[in-house]
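A.B. asks: Taking my numbering, I'd label the letters of the sequence shown as residues 335 to 621.
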Amino acid sequence: MNPKPIILDISEWQVPSQINYDVLSRQIGGVIVRIQYGSNYEDKHYRTHLAAFQKYNVPVAVYSWVRGTSIADMEKEASDFYRRAKAFQPSFWWLDVEEQSMTDMRFGVEAYRNKLKSLGAKKVGTYIANHLYRQFNIDTKKFDAIWLPTYGQNTGIYQGNNPTATSEYHLHQYTDQGRLAGYSGNLDLNRIAKGNITDYFEGSTSPSAPVPPTQNEQTYQLLFDVHLRKEPSTKSTSIALLKQGTQIRIRNLHHHESYLWGEQKRTDGSTAYIALGMLQGYVSKVK
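1) Specify the secondary structure class of GLN434 as computed by DSSP and reduced to three states.
2) Between the beta-carbon of VAL365 and the beta-carbon of VAL394, is there less than 8 Å?
3) Hey, how far is the Cα of GLN552 from the Cα of GLN581?
4) Enumerated in chain order, which unbroken segments of the alpha helix (DSSP H) with a length of 4 residues or greater are wholly contained in the region 486-518?
5) Taking 8 Å as the cut-off, decide whether the C-beta atoms of GLY355 and TYR397 are in contact.
6) Run through DSSP, which three-state label would ASP414 get?
7) Whose C-beta lies closer than 7 Å to the C-beta of GLY579 among residues of the same chain, with five residues either side of it excluded?
8) Taking CB distances under 8 Å as the criterion, tell me whether PHE422 reaches chain D.
9) Go ahead and label VAL524 buried or exposed: buried means 16 or more other beta carbons lie within 10 angstroms of its beta carbon, across all protein chains shown.
10) Within a Cβ cutoff of 7 Å, which residues of the same chain sit near ASP414, ignoring the five residues on either side of it in sequence?
11) Would you tell me roughly how many angstroms separate the C-alpha atoms of VAL431 and TYR508, rounded to the nearest one?
12) For ALA499, I'd like the list of residues in its chain whose CB is within less than 6 Å of its CB, leaving aside the five on either flank, ordered along the chain.
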């Protein structure tokens, strides 16, 4: 049995045309999407993956396979990583360190982390191959979280096999043979070893006060299918799935769980809420 919540990490190896994002999204608590393999190779499907999971209200983080061969190269990779992913406003930025691309990986990875932070990435973690953890000697205390893989018999489910390189880790990738409804192939599945899901996918800031509307009501048109919910929360009960192209009347706007929510008055007098996006529009205003 898989620990809950399930954290999925995904890349171009999982082809969008083979994924039912609606079904898959219902089974996971968050997703970490690969953006690049070094600077020169941009993941083919990262934009599609990120937009699709955000459409179904799945919190997203991003990762980049580190291949820098010098300090300047590491900083270039960090800049490309940030440029490619920043529009999706991921909650966490992960450096995937699985190959020795320069002699002093400790020095190089720190340069990558520092550059990413200076560009505006608030939370930066590192994924380190368990068998290379000691060899690379990365300064893990500088990172906001550590993510390690160990599969054991790799049966597709968690069987208690944990990383051996250190006990100081936060996420654990426990299989690359996982299976979930919505995709027929193998998936990388992860569990939270320390902390809560909000530490890695929602941020630690408190929701802001309701944003006053500029007018009493505005009309919007949905750009995607979006759930109408009882409360302004992705965990709240769905009242209905509103289809792409539907025009909706929105009253007040609220910020909660890193989303912008529209408040809608129902015909029975109750109030419902719809996620307008993570600062990326799910709607367009009808003038």
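Just so you know, even glycine gets a beta-carbon here, dropped at the ideal spot from N, CA and C.
C.D. replies: Taking the structure as given:
1) In the three-state reduction of the DSSP assignment, GLN434 falls in the coil class, being assigned neither a helical nor a strand state.
2) Less than 8 Å separates the beta-carbon of VAL365 from that of VAL394.
3) Each residue's alpha carbon lies about 10 Å from the other.
4) Runs of the alpha helix (DSSP H) inside the region 486-518: none found.
5) Looking at the sequence shown, residue 355 is not Gly but Tyr. Cβ atoms of TYR355 and TYR397: not closer than 8 Å.
6) For ASP414, the secondary structure class from DSSP, reduced to helix, strand or coil, is helix.
7) The answer, listed in chain order, is GLN555 and LEU556.
8) As a matter of chain content, chain D is missing from the structure shown, which is built from one protein chain.
9) Strictly speaking, residue 524 in this sequence is Asn, with Val absent from that position. ASN524 sits buried, since 16 or more C-beta atoms from the chains shown fall within 10 Å of its C-beta.
10) If we look at ASP414 and ignore the five residues flanking it on each side, its Cβ neighbours are GLN370 and SER373.
11) Taking the straight line from one Cα to the other gives about 17 Å.
12) Excluding positions up to five away in sequence, the list reads ASN464 and TYR467.
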